[in-house]
Structures are given as C-alpha cells and as structure tokens.
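Numbering (UniProt numbering), first residue to last: 1 to 133. Every residue gets a Cβ at the ideal spot worked out from N, C-alpha and C, and that includes glycine. Read the structure below first, then the notes.
Here you go:
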C-alpha cells in the first residue's frame with residue numbers, strides 16, 4: 001500500500017493527472033513541439049477520464065491568450081528598461097521569438113490549469129484500493 005503523495009504544484013508542473021497525480025496528461029513531453037494539442041482521453045495510470053466532453057479544452061485558449069499577453073507585456077517592459085527604448089522592430093522580433101519558443105509551455109500549461117481548475121477530477125490518494133475492488 002504505497003501512496004504517492006505528490007504535491008499539487010509538482011503534479012501540475014509535471015503535467016500529471018489530477019486524480020492520481022502520477023499518470024501523464026500528454027503523450028509527449030511538456031516542452032515538445034510534437035503533437036501540441038494531443039491529450040490522453042484517459043489517464044494511463046488510473047484510467048480517469050481527462051477529456052470529459054468533446055472540445056473540453058477550448059476554454060484553455062483564454063488561459064493561453066493570457067500567457068501570451070503576459071509575455072508581451074513583460075518583454076516590452078524589460079526591453080524598455082534594459083535597452084532604453086529600442087526600435088520597434090526589436091520589440092516585434094523579441095515578442096515573436098519569445099512566443100514561438102514558449103508555445104509548447106503556454107498551450108500545455110493552459111490545458112493543465114483548465115483541467116485542474118474546471119475539470120471534475122479531484123485528488124484521491126486511495127484510488128488504487130477503489131479500482132482493485
């Protein structure tokens with residue numbers, strides 16, 4: 001009866017299932033550019049349903065948009081203070097490059113936050129006992 005008491009923060013950081021906090025939500029690495037929108041239908045470890053309805057993760061687009069806006073604002077502030085108001089092309093290029101580089105993280109973590117926040121799954125440290133009988 002070994003229990004995995006992974007913290008909420010670590011489970012979210014690693015992209016793990018909200019119910020067991022062990023199984024992965026995504027079939028590829030969190031920082032991979034491959035299969036960006038793919039999510040397991042069910043947790044490979046505890047068999048919890050990760051996509052409760054078709055198009056469930058469409059709402060995660062708002063979180064991803066907020067991440068993108070945060071990147072734009074931070075890049076603009078940092079460039080303005082560190083480089084004393086550079087040319088417009090520097091702002092545009094830096095924002096574009098930072099958004100492209102961070103796309104996997106923004107898309108994946110927006111889905112993780114959406115699933116943890118609005119999904120009906122809650123952490124159950126005793127999920128093994130319940131599924132075995």
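Annotated three-state conformation of residue 16 is strand, per DSSP. Every alpha helix (DSSP H) stretch that sits fully inside the segment 7-85 and reaches 4 residues is listed by chain position as 8-14 and 60-82. Counted as a single uninterrupted DSSP element, the alpha helix (DSSP H) harbouring residue 111 occupies residues 88-118.
Comparing alpha-carbon positions, the option among 119, 127, 129 and 130 lying closest to residue 54 turns out to be 119. As the crow flies, the alpha-carbon of residue 57 is around 8 angstroms from that of residue 51.
Distance from the CA atom of residue 102 to the CA atom of residue 25, rounded to whole angstroms, is 19 angstroms. The C-alpha of residue 116 lies about 17 angstroms from the C-alpha of residue 45. The Cβ atoms of residue 21 and residue 6 sit closer than 7 angstroms to each other. With a cutoff of 7 angstroms on beta-carbon distance, residue 104 and residue 33 are scored as near each other. Non-local beta-carbon contacts of residue 76 in its own chain, meaning distances under 7 angstroms to residues more than five positions away in sequence, involve 91 in chain order.
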